[in-house]
């Protein structure tokens, strides 16, 4: 090796040797500096600067124009692994192509999000794929394989899965704790990550903001105990933005940032995303932790080594050998076609009485109405549109512009105040062509400041008022610009669309003194009128009182358009920056009242009314489902959304999207937003025993299919299930065949049905296809809390094949042999309190700040309890030892109500200062055990002795 070519640049050496060589050449200070998201260059070694993190959820985001694919939940709705792999490949290629011309574009991509969509009120549902771990895993494997590429050595991009672990709520997301019992952890949340990691296309994970069982996810022991056991590859753990500081600032889990940073590093966090591009704070904290002996140089080396593995895999040190280094595939014909194909495959036909498909040859008069009829909405993780197709654009193109009319359906209003009417001056500065919706250009998001302000005037300006639900409004001037508030506090018509981390384009009309105050939601202030124009005042008593003068109701315009049409297409839904998004959960499943009025007005004027819901999440729309001739749903479909929808409505494409989430009929069907126990509260299609509005996996077609000839055979550790699907219709179409499994007579609560496989197939008229599914026997198992292991219980398992979780066409049964489950061995090992079978009003908490769980009452002044079934006390137990902290009581009772013991707890010290209290008991045989808790007591374990 020559002096000017150190070993780390020798591509012939094993990767581990190259990494260790470079690591050994870095000084301690250089190593510490690499642990911030923005790692500086090391010029003396010719090592470039590097940053972790490039958003790429459904296209390259935040870096300007890029191909925009449907939202992630829309990718999940395709149920098409191969398609999603191709999307990942296109996104990875565009990241490479953009990187070649802009080194700010990163190749360590933070995607996909695999958090399970257990509650449809979750604000970030648009980022996930499904409520089901099997479907989520399959789509995640496909997307990461596309992002990673197929080269054995070099990676196209390095995907990082988000957000570890059990993250669902956005309300108080950095301070709330998800109570996740062992069965839910192993059977549900971990599964969403595991298969993608085991597939070998994942470079790492990002922990979530929230806590799990009282411990911040950035300190999760599961990173070490589970994640890093699933692969031999070094995995890079990147913190979420600001989360390291949250450990002290909002979570108060540690007293000092040095302690917090040290704990996160030891837990497995390798890259700290904190304080933006300024690494000095993180570097100082790491240095302080090192000086205090809270971490060792080996801890730093371990984290740097993991980062270097990613950098070598991305070809940074082998530019001449990296096959992806010269990638130029950006906004290609193939990418545009793929965006359209994906949008088409994501459309879900929910109901249809035969009105669809429409016949373009008949030249029907089509009215396209609703607030989303002529927009192409983007979300926080979108790139900037290069191409754009709204539903109106697509229908005009497909049915002829002369045959398509449009009514937005928003109220037209004027705002009158004491000085007159509010007026938006017409000027050259405020006119022009409409830009890309949702663009993340900072100048746009901040609101332009070069435009004239609003002024009161006797004539006033008619504004388009859109009510997005919960009283959240946007106001749009006649030139198409939305009212927005810039840093100077002035209100201007300056934004193409609502958007930004803090949306500055949303308002609320607040009743006051016979009129309304106009509250600006971005600042929390109120609109006043001054000599300089309309401005946001901090206090309500400084605000203007407005009277809202409605010049036209939105539903009146819709009714007129509907009455003159042969068919009406109502396009309703959400704006992904409003009412349900990152940092903001929804409050209801209901469609916004204004949109509900629109479809009802259209239907009253014309019974041939179709409702298309374009949204990031499900709605409860039982009346629309019952009354309208057709109902469709699609996630926001990216750049080709309008073309795709028009082709589906016209029958050019038979819809075959399937719901990746259960659609519930009412808010009453949902548990609390912070309830993570899908088993105990009967959540998701796995356990929900009510009647959903639309079941998981639901979606109709313009074709019809039969299922036949089922078979199931066991071959060692695999069960092969097969059946035949036949297209019995005269049109070609896709069918999504779904295979579910359920335990026929389980000894513990098991899913009512659980997805075991799926296949999207294209069938010509009359074509039959034999589909085979290999189901590992281990997939039939569950986490046995009685023995602390994964268990496949012997017995009968029914395999159910069909078109949805509720539309089952075939059933076949397989019997699995094996030793029966045995009772819980409580005399052989301590009984972990968290390993209960059932609970009431408890929550799981952190046994220590490093690892372990305990159980405590969720509400200190209300009794809480747990049930442990089939405890084997053998020939008798005479004493019980309780590992406890806090204060209160612990009461032990047998399942038949027989009292065993009651122990008063007044443990000294804090919540982590445990003491062991012993009490006599007298119990023998196999018995159910109930444990009741009161006060602030924390129970870690019980140990019984003879």
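Residue numbers (the working numbering): 4 to 949. No residue lacks a Cβ here, since even glycine has one placed at the ideal position from N, Cα and C. Values in this document were obtained by computation on a predicted structure and should not be read as measured data.
Endpoints, the beta strand (DSSP E) within which residue i is located
i           : result
residue 793 : 792–794
residue 538 : 536–540
residue 188 : No beta strand (DSSP E) holds residue 188; DSSP gives it neither H nor E.
residue 726 : 721–730
Secondary structure of residue i, DSSP reduced to three states
i           : result
residue 235 : coil
residue 590 : coil
residue 160 : coil
residue 665 : coil
residue 20  : helix
residue 293 : helix
residue 2   : Any question about residue 2 goes unanswered here, given that the chain covers just 4 to 949.
residue 77  : helix
residue 95  : helix
residue 956 : Lying outside 4 to 949, the shown extent of the chain, residue 956 is not represented and no answer is given.
residue 811 : strand
residue 762 : strand
residue 418 : strand
residue 432 : Its pLDDT being 34, under 50, residue 432 is placed unreliably in this model, and the value from its coordinates should be taken loosely. Three-state DSSP puts residue 432 in a helix.
residue 470 : strand
Beta-carbon spacing of residue i, residue j below 8 Å
i           : j           : result
residue 122 : residue 177 : no
residue 809 : residue 740 : no
residue 679 : residue 32  : no
residue 197 : residue 158 : no
residue 571 : residue 370 : yes
residue 82  : residue 661 : yes
residue 382 : residue 598 : no
residue 699 : residue 690 : no
residue 943 : residue 647 : no
residue 729 : residue 767 : no
residue 117 : residue 95  : no
residue 941 : residue 900 : no
residue 343 : residue 86  : no
residue 758 : residue 137 : yes
Nonlocal neighbours in the same chain, by C-beta distance under 8 Å from residue i, ignoring five residues either side
i           : result
residue 485 : 477, 478, 479, 496, 497, 498, 499, 500, 501 and 508
residue 694 : 668
residue 516 : 548
residue 878 : 927 and 949
residue 562 : 604, 605, 607 and 608
residue 267 : 221, 222, 242, 247, 250 and 275
Sequence-distant residues of the same chain with beta carbon closer than 6 Å to residue i, five excluded per side
i           : result
residue 442 : The predicted model places residue 442 with a pLDDT of 30, which falls under 50 and marks its position as unreliable; any figure quoted below should be read in that light. Hits under 6 Å: 387.
residue 171 : 121, 122 and 125
residue 929 : 826, 873 and 875
residue 716 : 723
residue 801 : 745, 747, 814 and 816
residue 703 : 352 and 355
Range covered by the alpha helix (DSSP H) that runs through residue i
i           : result
residue 800 : Per DSSP, residue 800 belongs to no alpha helix (DSSP H); it is in the beta strand (DSSP E), 798–805.
residue 508 : First-last for residue 508: undefined, no H or E at that position.
residue 820 : Per DSSP, residue 820 belongs to no alpha helix (DSSP H) and is neither H nor E.
residue 599 : 596–608
residue 3   : Outside the displayed span of the chain (4 to 949) sits residue 3, for which this structure offers no information.
residue 688 : 687–690
residue 147 : 136–151
residue 348 : 336–348
Cut-off 7 Å between Cβ atoms - residues of its own chain near residue i, not counting five sequence neighbours on either side
i           : result
residue 450 : Its pLDDT being 37, under 50, residue 450 is placed unreliably in this model, and the value from its coordinates should be taken loosely. Correct list, in chain order: 487, 488, 489, 495, 497, 498 and 507.
residue 91  : 145, 146, 147, 148, 149 and 150
residue 522 : 510, 511, 513 and 529
residue 587 : 126 and 173
beta-carbon residue i near the ligand SAM non-hydrogen atom, thresh 7 Å
i           : result
residue 141 : Summarising the ligand content, the structure contains no ligands, and the ligand SAM is consequently not present.
Examine the Cβ distances between the region 292–307 and the region 47–54 and report whether three or more of them are shorter than 8 Å. A contact is defined here as three or more CB-CB pairs under 8 Å, and the region 292–307 fails this definition with respect to the region 47–54.
Mind the definition here: the region 558–567 touches the region 541–550 only if three or more C-beta pairs lie below 8 Å; say whether that holds. Result no; under three Cβ-Cβ pairs closer than 8 Å.
Does the contact criterion of 3 or more C-beta pairs under 8 Å hold for the region 182–201 versus the region 784–794? The count of Cβ pairs closer than 8 Å, one atom from the region 182–201 and one from the region 784–794, reaches three, so the stretches are in contact.
Measuring CB atoms only, is the region 933–940 touching the region 892–900, in the sense that at least three cross pairs come out at less than 8 Å? The region 933–940, when compared against the region 892–900, does touch it at the 8 Å Cβ threshold.
Can at least three beta-carbon pairs, one atom from the region 629–643 and one from the region 102–112, be found at a separation below 8 Å? With fewer than three CB-CB distances shorter than 8 Å, the region 629–643 does not count as touching the region 102–112.
Check whether the region 268–275 and the region 17–27 touch, using three or more Cβ-Cβ pairs below 8 Å as the test. Flag = no, the region 268–275 and the region 17–27 do not touch.
Pairing CB atoms from the region 245–265 with CB atoms from the region 209–228, are three or more of them under 8 Å? These segments touch.
Within 8 Å, do at least three Cβ pairs link the region 134–144 to the region 308–317? No: fewer than three Cβ pairs fall under 8 Å.
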